[in-house]
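Novice: First, the structure itself, so that you have it in front of you.
There are 2 protein chains.
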Amino acid sequence: MSLVQPSLSSDGMKRTFSERQEFMTEDMPASTHFHVVAGGARLFKSLPDGRRQIIGFAHKGDVLPAYPCTRYHYSAEAMRNLQVVCVPAPHMSRLHETSPGACAASLNSARQLLVSLHNRLLMLGRQTARERLATFLLGQGTRMGPGELWPVDPAISRADMADFLGLTTETVSRLLSAFHREQLISRERRAIHILDPDRLRAIVAHPE
Amino acid sequence: MSLVQPSLSSDGMKRTFSERQEFMTEDMPASTHFHVVAGGARLFKSLPDGRRQIIGFAHKGDVLPAYPCTRYHYSAEAMRNLQVVCVPAPHMSRLHETSPGACAASLNSARQLLVSLHNRLLMLGRQTARERLATFLLGQGTRMGPGELWPVDPAISRADMADFLGLTTETVSRLLSAFHREQLISRERRAIHILDPDRLRAIVAHPE
DNA sequence: ACGGTTTTTTAACCATTTCTGACAGTTTAT
DNA sequence: ATAAACTGTCAGAAATGGTTAAAAAACCGT
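First to last, the protein sequences are chains A and B. Counting with the working numbering, you get residues 61 to 268 for the letters of the first sequence. Counting with the working numbering, you get residues 61 to 268 for the letters of the second sequence.
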């Protein structure tokens with residue numbers, strides 16, 4: 061999600077969380093940054109009645125910063141096993157004050173995030189369900205690098221996709237079936253593989 | 061939108077744009093940052109078929125940064141008359157390298173933006189039209205400060221609201237009428253005033 | 001391998017929101 | 001002053017996506 065900052069791993073407390081463990085919640089005092097060392101996490105916000113929006117996924121190398129607030133403003137939950145290094149907020153602040161490079165790296169990472177969030181605003185506000193899912197699949201596919209048949213992380217459930225895309229699980233399921241019928245993807249168990257990235261890209265660019 | 065950085069106004073070229081002038085486009089090389097001195101701007105992304113999503117509005121004091129990309133990734137258009145100071149990207153980079161304070165200020169501003177964008181993801185992905193409009197009105201109202209009867213900037217058209225909220229002008233129009241019937245807001249010409257912020261907040265928190 | 005639980009898929013139906021088109025009110029141009 | 005253009009409002013038809021319900025598939029512990 062953000063840029064790698066290897067210097068962080070050296071100090072700070074290492075912690076491990078198991079599947080589904082919520083290690084950061086919206087009302088928790090924001091005292092430490094989390095640097096993901098292994099595994100993944102889903103980041104989300106919820107409404108009082110249970111509606112959930114996934115903000116993004118964090119992977120190895122990403123940093124979940126304690127934003128300039130007294131409390132975190134989203135929650136984070138471990139996917140698979142998760143290893144993080146906790147960096148105390150004051151420690152990070154000191155680093156930013158003394159090392160311009162570190163601060164610039166954080167700024168760069170924050171701005172990368174802004175760019176991707178702007179794209180997601182457009183997606184959630186103006187794209188159809190079909191376009192959103194195609195975008196999502198392509199985005200996930202590129203994460204894994206080319207030549208690997210474009211798999212989607214099997215730890216991401218239909219409910220996760222729905223909460224990421226602002227849809228319901230039923231709609232996601234329906235569209236995946238449609239994509240399968242159209243030979244755009246293949247499905248075996250939970251695993252999804254992209255068969256025809258070009259036609260998926262065409263869906264994103266100009267809807268039918 | 062972002063935090064004020066008064067040091068920027070001192071140098072850099074001052075430019076003025078008139079109503080509706082698009083001074084920044086998605087495919088333009090990102091060579092300068094814009095520091096808003098007076099007036100306002102709408103920031104948006106568009107799809108090839110014309111669908112538009114407003115990313116946000118920029119007001120006096122806000123900085124529109126050239127993100128770490130070769131091109132801007134959204135467009136910006138003047139509302140009313142707009143005065144900006146253009147700060148060349150290399151100049152800003154140098155400032156960030158030499159002054160840790162300046163870099164920290166930019167980082168802080170970027171992170172503030174991230175927080176508000178996360179909230180907007182939740183809004184666009186999971187809230188109803190009614191909740192979105194109530195949220196928007198309250199957000200606009202607080203901009204102006206309390207005690208002023210909570211006006212909404214009349215330069216923001218129905219189409220702007222729709223493109224900000226991921227709705228159509230008709231839906232916005234209908235909901236404004238509904239809010240008016242329910243005595244939540246008053247309307248005279250284009251001007252909107254919030255009459256009952258508490259009940260609007262109730263709509264945001266728990267829908268009916 | 002078995003039984004129970006959870007997740008995913010499918011289908012029928014429904015609702016919110018969009019789309020289309022018409023009209024009224026305002027502003028701008030002639 | 002009148003016409004033209006734009007913006008906002010309203011109403012009905014259409015559609016996308018949500019809701020509900022149930023079956024099928026996958027998963028898990030024993």
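C-beta: ideal position from N, C-alpha, C; glycine also.
For chain A, is any of its Cβ atoms less than 8 Å away from the one on arginine 131 of chain B?
Specialist: It does not: the Cβ of arginine 131 of chain B has no partner Cβ on chain A nearer than 8 Å.
Novice: In terms of alpha-carbon separation, which member of B/Gly100, B/Gly72, B/Thr76 lies closest to proline 150 of chain B?
Specialist: B/Gly72
Novice: Does aspartate 256 of chain B come out as helix, strand or coil in the three-state DSSP assignment?
Specialist: coil
Novice: Between A/Ala118, A/Ser159, A/Tyr134, which lies nearest to valine 144 of chain A when the distance is taken from Cα to Cα?
Specialist: A/Ala118
Novice: Is it right to say serine 78 of chain A is buried, meaning 16 or more other beta carbons lie within 10 angstroms of its own, or is it exposed?
Specialist: exposed
Novice: Taking the alpha carbon of histidine 133 of chain B as the point to measure from, which residue in B/Asp109, B/His95, B/Pro89 has its own alpha carbon closest?
Specialist: B/Pro89
Novice: For leucine 251 of chain A, count the other beta carbons within 10 Å of its own beta carbon; 16 or more makes it buried, fewer makes it exposed. Which is it?
Specialist: According to the sequence provided, residue 251 of chain A is alanine. The question's leucine does not apply to it. When all chains shown are included, alanine 251 of chain A counts as exposed.
Novice: Name, please, each residue of chain B whose Cβ falls closer than 9 Å to the Cβ of proline 257 of chain A.
Specialist: By Cβ distance, chain B contributes nothing, its closest Cβ being about 19 Å from proline 257 of chain A, past 9 Å.
Novice: At the level of alpha carbons, what is the spacing between alanine 262 of chain B and alanine 219 of chain A?
Specialist: 28 Å
Novice: Would you kindly check if the distance between the Cβ of isoleucine 114 of chain A and the Cβ of leucine 124 of chain A is under 8 Å?
Specialist: no
Novice: Which of the three DSSP states is assigned to methionine 152 of chain B in this structure?
Specialist: helix
Novice: Taking a Cβ distance cut-off of 8 Å, strictly less, list which residues of the region 123-156 of chain B are near chain A, in chain order.
Specialist: Pro125, Tyr127, Pro128, Cys129, His133, Tyr134, His156
Novice: How big is the Cα-Cα spacing for leucine 193 of chain A and aspartate 213 of chain A?
Specialist: 14 Å
Novice: Please name the residue in A/Thr228, A/Lys74, A/Ala126, A/Ser233 whose C-alpha comes closest to that of glutamate 152 of chain A.
Specialist: For clarity, residue 152 of chain A is methionine in the given sequence; the question names glutamate instead. Comparing Cα-Cα distances from methionine 152 of chain A to each of A/Thr228, A/Lys74, A/Ala126, A/Ser233, the minimum goes to A/Ala126.
Novice: Take every Cβ of the region 174-184 of chain B, pair it with every Cβ of the region 93-112 of chain A, and state whether three or more of those distances are shorter than 8 Å.
Specialist: yes
Novice: Please name the residue in A/Met84, A/Phe94, A/Arg112, A/Val97 whose C-alpha comes closest to that of leucine 227 of chain A.
Specialist: Of the candidates A/Met84, A/Phe94, A/Arg112, A/Val97, the one whose C-alpha sits nearest the C-alpha of leucine 227 of chain A is A/Arg112.
Novice: Would glutamine 81 of chain B pass as an interface residue toward chain A - the criterion being a Cβ-Cβ separation below 8 Å?
Specialist: no
Novice: Buried or exposed, going by whether 16 or more other CB atoms sit within 10 Å of the CB of aspartate 223 of chain B?
Specialist: buried
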